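What follows is one structure encoded as structure tokens, with my remarks underneath.
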Amino acid sequence: MNPARESALRFVILAGLFLLAVMIGALLWEKIVLPFKNPWGVIGVLTMIGYNPTNDIFRFVAFILIPPLILMLAYMVSRTRLRGLLFNAPPDTERATQAQPGTWVKPAVIAFAVLMAVNSPAIMGEIDTLHEGETLGMSVSHEAGLVPYKDFIFIHGLYQDPLRSLLAFKLFGRSIASTRVLENIHNVLAFTLIGLLAIKLSKGRPLFAFAAVLLPGMAWITNSLYLNLRDYIMPAAVMTSDLTVMSFLIAGISLYRLAEREKPGRAGLFLAAFFYSFIPFASFAYSVDKGYFILAAFIVLTPPVYFFFFRRNRFFLISVILGAVSGASLFILLLRGGTVEFFKYAVLTMPRYTDLVNGFVYPIGAWSAFMACIVFAFNAFWIVKRLLGELNSKGWRDAPGAFIKTHFPELMMFVLSVFLFRTALGRSDDNHLASSLWLPYMLFFYILLRSGTMGLPLAPRLKKAFSVIAVAAIAVVSLSGLYRAYSADLIRHNFPIGVTDEEFIPANYKATISFLKERYSAGETFFTLTNEPIWYYFVNQPSMSRFPFVFAAGPLFYQEDIVDSIERNGVKYVIFWNSNTHSNNIDGINNKSRFPVVSNHIRKNFRLLGWIDDNEMWIRKDASGEVFKSNPAY
6 MNPARESALR
16 FVILAGLFLL
26 AVMIGALLWE
36 KIVLPFKNPW
46 GVIGVLTMIG
56 YNPTNDIFRF
66 VAFILIPPLI
76 LMLAYMVSRT
86 RLRGLLFNAP
96 PDTERATQAQ
106 PGTWVKPAVI
116 AFAVLMAVNS
126 PAIMGEIDTL
136 HEGETLGMSV
146 SHEAGLVPYK
156 DFIFIHGLYQ
166 DPLRSLLAFK
176 LFGRSIASTR
186 VLENIHNVLA
196 FTLIGLLAIK
206 LSKGRPLFAF
216 AAVLLPGMAW
226 ITNSLYLNLR
236 DYIMPAAVMT
246 SDLTVMSFLI
256 AGISLYRLAE
266 REKPGRAGLF
276 LAAFFYSFIP
286 FASFAYSVDK
296 GYFILAAFIV
306 LTPPVYFFFF
316 RRNRFFLISV
326 ILGAVSGASL
336 FILLLRGGTV
346 EFFKYAVLTM
356 PRYTDLVNGF
366 VYPIGAWSAF
376 MACIVFAFNA
386 FWIVKRLLGE
396 LNSKGWRDAP
406 GAFIKTHFPE
416 LMMFVLSVFL
426 FRTALGRSDD
436 NHLASSLWLP
446 YMLFFYILLR
456 SGTMGLPLAP
466 RLKKAFSVIA
476 VAAIAVVSLS
486 GLYRAYSADL
496 IRHNFPIGVT
506 DEEFIPANYK
516 ATISFLKERY
526 SAGETFFTLT
536 NEPIWYYFVN
546 QPSMSRFPFV
556 FAAGPLFYQE
566 DIVDSIERNG
576 VKYVIFWNSN
586 THSNNIDGIN
596 NKSRFPVVSN
606 HIRKNFRLLG
616 WIDDNEMWIR
626 KDASGEVFKS
636 NPAY
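Using the working numbering, you'd call the opening residue of the sequence shown number 6 and step up by one each time.
Next up, the structure:
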């Protein structure tokens with residue numbers, strides 16, 4: 006059989022096996038059902054329907070494991086000739102090339118990354134009193150000397166929540182605009198790191214680097230063309246907290262490249278190994294969930310890195326140990342005495358209720374969510390296919406080492422992407438799904454790069470035409486991005502240095518802010534049940550509860566903690582509700598219903614004082630009723 010027919014036959018058989026596996030995975034999806042438990046009385050979408058969020062984790066794992074399992078079964082039952090056809094060891098197009106990126110590639114990719122970031126800002130437009138409040142409101146508590154996790158609790162991470170705003174205040178002044186400037190700088194860095202990671206991966210192929218940067222920037226392009234791709238395939242997005250993920254990947258791939266050399270430089274090896282182990286521990290300070298995922302990937306990947314790349318290399322081991330100790334020490338230092346409380350909350354408690362509070366059933370029936378699972382399944386299928394190819398050609402003894410030495414980048418990206426997708430399995434709305442897909446998409450295109458168009462024989466003219474089309478597309482996107490950035494004044498909107506808070510604060514909040522500031526100056530404090538921690542920034546008052554963001558207080562015992570804090574600190578006023586449905590009715594559940602212990606306590610011990618614009622203000626029953634009379638402007 007000639008090579009062209011052999012490649013076509015191999016492709017048809019493997020495609021058939023993959024489609025069979027996908028069908029089996031889809032049929033089994035709804036069959037996996039775990040018992041529902043809610044011992045802490047959490048109220049959320051899933052608790053209202055009695056759905057165990059762990060179902061989605063097991064369903065997803067089964068879906069992506071079935072294709073490689075079927076492939077392994079085919080390997081075991083196939084005879085020598087068929088096995089040789091399906092599980093050959095094709096030439097590695099990535100290893101075969103010795104080309105290195107030209108001097109123009111890095112500056113061009115970085116410039117393209119900045120352009121994509123400016124057109125895909127992390128935050129812009131009207132103020133988000135919930136999400137921006139999570140950093141601004143928490144910063145006030147931190148400034149007041151309160152201990153993280155002991156005196157005030159936040160969901161994401163120490164840097165992502167309080168410290169990000171405090172750093173912005175130091176750099177650009179105390180304002181909402183400053184936090185936006187810093188967050189969009191983070192966004193530019195994130196896109197840039199994707200480009201640098203892709204350059205390190207592509208080894209002389211600049212088109213892959215441009216494509217990798219383009220992936221998380223596709224949303225603004227499809228929106229500009231009025232294309233609704235979300236119904237079919239979810240465009241990827243990048244989050245600023247992914248900076249730690251990208252840095253870890255760059256450190257890991259750097260180790261891989263150093264291992265290719267006969268004698269890696271000690272300075273380069275130290276830096277790569279140090280940051281490879283530093284980032285998993287230090288990343289908990291940025292984002293707790295990213296810390297968990299990176300640390301899990303580190304634990305899985307480090308044994309093969311050591312045994313196949315740096316065995317008996319004491320310098321590598323010392324560098325890794327030093328990095329891990331330094332990362333953990335930095336995190337403990339930033340906690341400033343809240344280490345035990347962090348462990349109690351972030352390790353023992355939060356993982357047991359977070360999905361019950363904000364989770365959804367994974368929408369496998371939606372084409373875009375289904376396609377996301379298919380991408381993961383394909384990546385797993387291809388990686389195992391390459392492993393079996395090494396096994397077929399080299400045998401059980403040498404195959405694992407040969408596979409790791411050839412395909413460590415794919416393995417690293419796959420392991421990390423699976424852990425990162427845990428976020429989307431917990432809260433499977435469009436935003437969380439999109440932000441979990443940039444890495445599996447990048448891996449998918451990297452697989453195409455390394456396998457040479459999936460092993461299909463393409464004429465040189467067709468390959469050249471594809472390259473010309475790709476270059477033209479990048480040029481068109483670049484010109485469109487430049488025009489859009491200029492015409493929409495995106496530089497000013499991304500980096501609003503000097504813009505005062507007055508320009509961001511909603512008109513229907515200003516009178517309430519004035520009222521609460523006046524009462525706070527008189528020694529009277531407030532609490533908000535609206536899931537808007539930004540009120541504490543507006544008034545510059547630390548939260549009187551451990552939960553500035555009430556959404557984190559889903560369990561009944563945390564709600565009782567809030568009630569105790571309200572009484573112990575003598576809170577006089579409560580913002581009970583307002584018309585901001587984004588924060589007051591998250592997932593269609595009213596805060597008064599979601600937090601029954603707190604709302605019942607307020608109704609029992611407070612009374613309606615009145616409305617300031619559309620903010621429902623309550624006051625203690627034993628307090629004077631003359632407040633509004635003495636302040637007729639309200």
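Ideal Cβ placement from N, Cα and C applies to all residues, glycine included.
Small disclaimer: the values here were computed from a predicted structure and weren't measured.
- The alpha-carbon separation between SER288 and ALA429 amounts to approximately 19 Å.
- The beta carbon of MET129 sits closer than 6 Å to those of HIS498, all from its chain and outside the five residues before and after it, given in chain order.
- In this model, PHE365 and ASN397 are separated by some 43 Å (Cα to Cα).
- For GLY222, there is no enclosing beta strand (DSSP E), as DSSP marks it with neither H nor E.
- In the structure shown, LEU534 falls within a coil segment according to DSSP collapsed to helix, strand and coil.
- Collapsing the DSSP output to three states places ILE580 in a strand.
- Runs of the alpha helix (DSSP H) spanning 4 or more residues and lying entirely within the segment 375-432 occur at 427-431, in chain order.
- If you look at PHE611, you'll find it in the beta strand (DSSP E) that goes 611-617.
- Collapsing the DSSP output to three states places PRO153 in a strand.
- Counting along the chain, ILE452 sits inside the alpha helix (DSSP H) bounded by residues 443-456.
- The beta carbons of LYS597 and SER588 sit no closer together than 8 Å.
- Around the beta carbon of LEU448, a 10 Å sphere encloses 16 or more other beta carbons of the protein chains shown; the residue is thus reported as buried.
- Around the C-beta of GLU508, fewer than 16 other C-beta atoms lie within 10 Å, and the residue is accordingly described as exposed.
- When C-alpha distances from VAL579 are compared across ASN536, LEU561, ARG599, the shortest belongs to ASN536.
- Around the CB of PHE471, fewer than 16 other CB atoms lie within 10 Å, so the residue is classed as exposed.
- If you draw a straight line from the Cα of LYS515 to the Cα of GLN546, it is about 16 Å long.
- Counting other Cβ atoms within 10 Å of its Cβ, ILE323 stays below 16 and is therefore classed as exposed.
- Checking the DSSP bridge columns, you'll see GLU621 partnered with TRP582, TRP616.
- DSSP places LEU39 outside any alpha helix (DSSP H), giving it a letter other than H or E.
- In this structure PRO560 is buried. Its beta-carbon is surrounded by 16 or more other beta-carbon atoms within 10 angstroms.
- Annotated as distal: ILE571 and GLY138, with beta-carbon spacing of 8 Å or more.
- A Cβ-Cβ distance of about 7 Å is found for the pair ILE181 and ILE132, placing them in contact under the 8 Å criterion.
- The criterion of a C-beta distance shorter than 8 Å is satisfied by ASN583 and GLU621.
- By a beta-carbon distance limit of 8 Å, PHE543 does not contact LYS577. Their separation comes to about 17 Å.
- Apart from sequence neighbours up to five positions away, the residues of its chain that approach ILE452 with a beta-carbon distance below 6 Å are TRP387, ordered along the chain.
- The beta carbon of THR134 sits closer than 7 Å to those of GLU537, ILE539, ASN585, SER588, all from its chain and outside the five residues before and after it, given in chain order.
- Of the other Cβ atoms in all chains shown, 16 or more fall within 10 Å of the Cβ of LEU220; this residue is therefore buried.
- The Cβ-Cβ distance between SER440 and PRO368 does not fall below 8 Å.
- TRP109 sits in coil when the DSSP states are folded into three classes, being neither helix nor strand.
- Only buried fits TRP225, as 16 or more other CB atoms lie within 10 angstroms of its CB.
- Measuring C-alpha to C-alpha distances from GLU188 to each of MET239, GLY222, HIS136, PHE213 identifies HIS136 as the nearest.
- Setting aside the 5 residues that flank it on each side, ARG10 has no residue in the same chain whose C-beta is closer than 7 Å to its C-beta.
- When the five nearest sequence neighbours on each side are left out, the beta carbons in the same chain lying within less than 8 Å of the beta carbon of PHE450 are those of PHE213, ALA216, ALA217, LEU220, in order along the chain.
- Just so you know, the alpha carbons of ALA116 and MET418 end up roughly 25 Å apart.
- Look at GLY178 here: in three-state DSSP terms it is coil, with no helix or strand label.
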